[in-house]
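**Student:**
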Amino acid sequence: MEKQFPANTVRKGDTVSALPVSPTPVSISYTYQGKPWSTDTYLEQNNGAGLLILKDGQIVFEDYAFGLDQTSRWTSFSVAKSFSSTLVGAAIRDGFIGSLDDPITQYLPGLSGSAYEGVSVRQLLQMTSGVKWNEDYGDPNSDVARFSAEPSVDGSDPVVSYMARLPREAAPGTKWVYKTGETNLVGSLVRAAVKKPLAEYLSEKIWVPLGMEADAYWMTDLGGGEIAGCCLSATLRDYARFAHFFMNGAKINGVSITPDNWTTEAVTSTPEALTAMNGQTGYGYQWWTSPGGIYEGQGIFGQRITINPAKQLVVVSWSAWPGATDPGSESAQAALMAAIDAHYPAGK
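Position one of the sequence shown corresponds to residue 278 (this note's numbering), numbered consecutively onward.
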């Protein structure tokens, strides 16, 4: 992706942390739509680009397609949202952001007088601002299609400029709507608070101290700021390292880079999101939640990080689905995730 679009580099450090490979890799077999499938079948028949299973900190399955390998990077699409929210936690721990209950206009004065007046940092993270937004990927006139073309005028932040024009449709904190533009505002907020690019802050707080094995790249908008709601490009193993780090309290050398209880609060859904999605799927601080304590970072075209803390299980899936959302591909991916989960009984 970084070869096609402008991006900022997330620098790795000089030391790479070990990610052990199990001496007994698994091949998970299951039945899907009445036919025998396996992890290999999934990659072959569902436009899978890469799949890694991490169990108890060890790689138990890793495979690639389309000529990719361990050194290849792949774009996250909206999985980047979960990285961006973690940087908010880091900025609070570092003292750059005072509180989740601070109004976002305290950090982004360009939103003063807009529909974002009175919206808190917490509500922005939870996508419960009450500001109207259209995330229809098939509509060329939707907000998600149009806002990336917003120009930077005289050095202005195009994200703030676009979002400041949106109308309000509900009181802050009363309605959940999925809005990529609001994650981009999260990025603007963090940049304003820490006074450095997101890529630099991500490198400083996570990439270097966690011992990532390769540089990552974060696509930038027309103003040069990282697109916080999308398009971080990293290796499969480095995505797994991040997931394992977050699953275990976002700790480096035994110390969390986020506030106490952040990794629990971040994956606890708001009532508004549960209501919007019929009580099963939920949404926390830019993480999708499911029953049983499982949570995910998800991106269009089939990108996914699935985390099951109770089983110390991480699954990273890259895909090249034919559409941003695809019911058939989603069904096959859900069957794979269920088979992987079933392969590891609770407590083992």
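Yeah, the Cβ is synthetic: ideal placement off N, Cα and C, and Gly gets one too.
Do Q400 and G450 come within 8 Å of each other at the CB atom, strictly closer than that value?
**Tutor:** Cβ atoms of G450 and Q400: closer than 8 Å.
**Student:** Can you have a look at D537 and say buried or exposed, based on whether 16 or more other CB atoms are within 10 angstroms of its CB?
**Tutor:** exposed
**Student:** Per DSSP, which residues does W314 bridge with? Please list them.
**Tutor:** Y307
**Student:** Taking W539 as part of the alpha helix (DSSP H), name the residues at either end of that continuous run.
**Tutor:** 539–542
**Student:** Would you kindly report the start and end of the unbroken alpha helix (DSSP H) that includes I369?
**Tutor:** 357–370
**Student:** Short of 8 Å in beta carbon distance, which residues of its chain neighbour S304, apart from the five on each side in sequence? Order them along the chain.
**Tutor:** S315, T316, D317, F338
**Student:** Is the number of C-beta pairs between the segment 570–583 and the segment 293–302 that are closer than 8 Å three or more?
**Tutor:** no
**Student:** In angstroms with no decimal places, state the Cα-to-Cα distance between Y393 and P313.
**Tutor:** 51 Å
**Student:** Whose C-beta lies closer than 7 Å to the C-beta of Y455 among residues of the same chain, with five residues either side of it excluded?
**Tutor:** Contacts found: M404, E412.
**Student:** Reducing DSSP to helix, strand and coil, say where E503 ends up.
**Tutor:** strand
**Student:** I'd like the span of the alpha helix (DSSP H) that includes I617, first residue to last.
**Tutor:** 604–620
**Student:** Can you find the residues in the same chain that come closer than 7 Å, C-beta to C-beta, to Q563, ignoring five residues on each side of it along the sequence?
**Tutor:** K358, S359, S361, S362, L402, T460
**Student:** In terms of DSSP beta bridges, what is V408 paired with?
**Tutor:** R445
**Student:** If you check the beta carbons only, do G570 and A587 fall under 8 Å apart?
**Tutor:** By the CB criterion at 8 Å, G570 and A587 fall inside the cutoff.
**Student:** Using a Cβ cut-off of 8 Å (strictly closer), state whether E459 contacts chain B.
**Tutor:** The structure shown contains no chain B; it is built from a single protein chain.
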